[in-house]
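Asks:
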Amino acid sequence: MDTAKPRRSSGKEEWAKIDKQKAIFIFLMHVLCIFAPFQVNSRALRIALALHFITGFFGITLSYHRNLSHRSFKLPKWLEYLFALCGAHTLLGDPINWVGMHRYHHQVADTEKDPQRTPRREFVKRDNVGDLENQSFYKFIHKTYLLHPIGLAILLYVVGGMPFLVWGMGVRTVLVLHQSLMVNTICHRFGKRQWKTNDSSRNNGLMSLISFGEGWHNNHHAFPYSARHGFEWWQVDTSWYAIRFLQAIGVATDVKLPPQQSRRTKSLIMDNQVLQH
1 MDTAKPRRSS GKEEWAKIDK QKAIFIFLMH VLCIFAPFQV NSRALRIALA
51 LHFITGFFGI TLSYHRNLSH RSFKLPKWLE YLFALCGAHT LLGDPINWVG
101 MHRYHHQVAD TEKDPQRTPR REFVKRDNVG DLENQSFYKF IHKTYLLHPI
151 GLAILLYVVG GMPFLVWGMG VRTVLVLHQS LMVNTICHRF GKRQWKTNDS
201 SRNNGLMSLI SFGEGWHNNH HAFPYSARHG FEWWQVDTSW YAIRFLQAIG
251 VATDVKLPPQ QSRRTKSLIM DNQVLQH
């Protein structure tokens, strides 16, 4: 009798499976966009804009990025989970995978191991998200991830037919996807460097305007734990304004900001580097 234990799936196999599934659905979203000019109406446009804000702003920027990845502020669990659920409808990944990849990105940014600059997912590890894996909610979302956007797509079609499906699912998903990808590419190539960091991150004002403040990328890589990315009054950071509002009404707590001394020290390091050149 064969008593060999069944082989457990490796992390690499799991990432490969997830990537293939995501790639198929993302391709289908781009196909839906082809029909956008022929399925447009005012209600569909409003749905697309609303879902873009709900899933991209609350789901990815506030939840996945600033709250879960960097723990730059705390929320009541019910609101933390609600925002994270919004992000699960973007096809950018479930919280466990997205946060794990992003945390690893900050460890190896702009190197061959950077998961945001190479499709080689074997570099990505899932040993840095224990805080999420210990919570049954995030484990549930991880196991049922694709069911959520599929369910939303069905709901949109039932409520508004092809216009809602094309705009609320296809166009909206593609916009959120490329908005995120543009931050990870453009803001590591074009813009200004204010701080000395071990990567090529840059501040890009234009990207900040279209990504809810995520374009102040050099600021972010210099102080990744900061809830605020736009440090200067003129650096528009929509996400920070929302966090500050939540803090003002007592919902967001433990909001982290870089001390002035830390900012001054990093600035001096950068100034000295410029003078030496």
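According to full-length UniProt numbering, the sequence shown holds residues 1 to 277 in order.
For every residue, glycine included, the Cβ atom is placed at its ideal position computed from N, Cα and C.
1) Within a Cβ cutoff of 7 Å, which residues of the same chain sit near S69, ignoring the five residues on either side of it in sequence?
2) Quick check on DSSP: helix, strand or coil for T253?
3) Is the region 84-98 in contact with the region 50-59, if contact means three or more CB pairs nearer than 8 Å?
4) Counting C-beta neighbours from all protein chains within 10 Å, is the total for R120 16 or more, i.e. buried, or is it exposed?
5) So the candidates are S136, Y157 and T111; which of them puts its Cα closest to the Cα of S200?
6) Using DSSP with H/G/I as helix, E/B as strand and the rest coil, what is W240?
7) Specify the secondary structure class of N204 as computed by DSSP and reduced to three states.
8) For D254, which residues of its own chain have a beta-carbon under 8 Å away from its beta-carbon, when the five flanking residues on both sides are left out?
9) Just to confirm, are R208 and D237 a CB contact at a threshold of 8 Å?
10) Just the C-alpha distance for F223 and N203, rounded to the nearest angstrom, thanks.
11) Only counting the same chain, and skipping five residues up and downstream in sequence, which positions put a Cβ closer than 7 Å to that of N41?
12) Rounding to the nearest angstrom, what Cα-Cα distance links A248 and L91 in this structure?
13) Can you name, in chain order, every residue of its own chain whose Cβ lies under 6 Å from the Cβ of M29, other than the five neighbours on each side?
14) Which runs of the alpha helix (DSSP H) at least 4 residues long sit entirely within the UniProt domain "Fatty acid desaturase" (145-237)? Give them in chain order.
15) For K143, which three-state DSSP category applies?
16) Take the Cβ of A109 as the centre, count every other Cβ of all protein chains shown within 10 Å, and call the residue buried at 16 or more, exposed below.
Replies: Working from what's here:
1) V99, H102 and R103
2) strand
3) yes
4) With a pLDDT of 49 at R120, under the threshold of 50, the modelled position of that residue is not reliable, and the figure given next carries that caveat. Result: exposed.
5) T111
6) helix
7) coil
8) F73 and K74
9) Here residue 208 turns out to be Ser, not Arg, going by the sequence shown. The answer is yes: Cβ separation under 8 Å.
10) 13 Å
11) P163
12) 32 Å
13) G170, T173 and V174
14) 147-164, 172-186, 205-210 and 217-222
15) helix
16) buried
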